Amino acid sequence: MIPVFSYIIQKGRCLICQSVIPFYYLLIEFSTGVLAVFSFFLFKSQPLELLIAWTLIFFSLIFSLTDLFYFILPNSLMLLFLVIILLECWYLDDFNWFHSALNSIFILFLLLSISFVTHEGLGGGDIKFYFVLSWLLGFQGILVAIIISCFFALIAIFISRKRLFFSLNDKLPFAPFISLGAFLVFCFQRY
Numbered sequence: 001m002i003p004v005f006s007y008i009i010q011k012g013r014c015l016i017c018q019s020v021i022p023f024y025y026l027l028i029e030f031s032t033g034v035l036a037v038f039s040f041f042l043f044k045s046q047p048l049e050l051l052i053a054w055t056l057i058f059f060s061l062i063f064s065l066t067d068l069f070y071f072i073l074p075n076s077l078m079l080l081f082l083v084i085i086l087l088e089c090w091y092l093d094d095f096n097w098f099h100s101a102l103n104s105i106f107i108l109f110l111l112l113s114i115s116f117v118t119h120e121g122l123g124g125g126d127i128k129f130y131f132v133l134s135w136l137l138g139f140q141g142i143l144v145a146i147i148i149s150c151f152f153a154l155i156a157i158f159i160s161r162k163r164l165f166f167s168l169n170d171k172l173p174f175a176p177f178i179s180l181g182a183f184l185v186f187c188f189q190r191y
């Protein structure tokens, strides 16, 4: 919370050069702190679930920001996320490697097929993000996360179109919505 207080005290300006610090930095710092504290209180008696929640928050934040600003989800970070999630899932009591692998491969091919048929929609990074998350959330969980992601994306499109921020020709960074859906499903599954 120190960066939040620093931003407020310095009135959104750099202490040295007095240039304006974008407001979204404050939002990022604040939301990260709130989500980390929320996860702590939700999973304080479950240290492994807390570690997974923090991993999910950390990578979701990175993927959301890179998608918002550059419309890309870096492969190297996605691979690192997959390795960390698999290592953490290794210690979960109810984790089944065989079922998780089958579910993840099925989700991968399902989303690739949809992307191939529609020629647009989900990008390759979004598909990889769902693939990694499917290892953690399972088949039913990832389907619910997809529905939640689409629901919140549609709300964002509706609000943006009403306020003329967004047209149907614009690209929509989908990683923030994937992150939201996955985090909600993870919390409901594990709490």
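Counting in full-length UniProt numbering, the sequence shown runs from 1 upward without gaps. Quick reminder that beta carbons are idealized off the backbone N, C-alpha and C, glycines included. Just so it is clear, the structure is predicted and the values come from calculations on it, not from any experiment.
Asked: Integer Cβ distance of TYR7 from ILE28, believed to fall under 8 Å; Found: With a Cβ gap of about 11 Å, TYR7 and ILE28 do not count as contacting.
Asked: Residue from SER64, ALA182, LEU133 and PHE188 whose Cα sits closest to the Cα of VAL84; Found: Strictly speaking, residue 84 in this sequence is Ile, with Val absent from that position. It is LEU133 whose Cα lies nearest to the Cα of ILE84.
Asked: Nearest-angstrom beta carbon gap, LEU80 and LYS128 [assumed within contact, 8 Å]; Found: That pair is no contact at about 12 Å.
Asked: Proximity below 7 Å, CB of LEU108 to CB of ILE148; Found: no
Asked: Contact check, SER179 vs SER64, beta carbons under 7 Å; Found: yes
Asked: 4 or more residues per run - each alpha helix (DSSP H) lying fully within the stretch 4 to 73; Found: 23 to 43 and 47 to 70
Asked: Proximal residues to PHE23 (C-beta, below 8 Å), its chain only, five neighbours per side dropped; Found: GLY12
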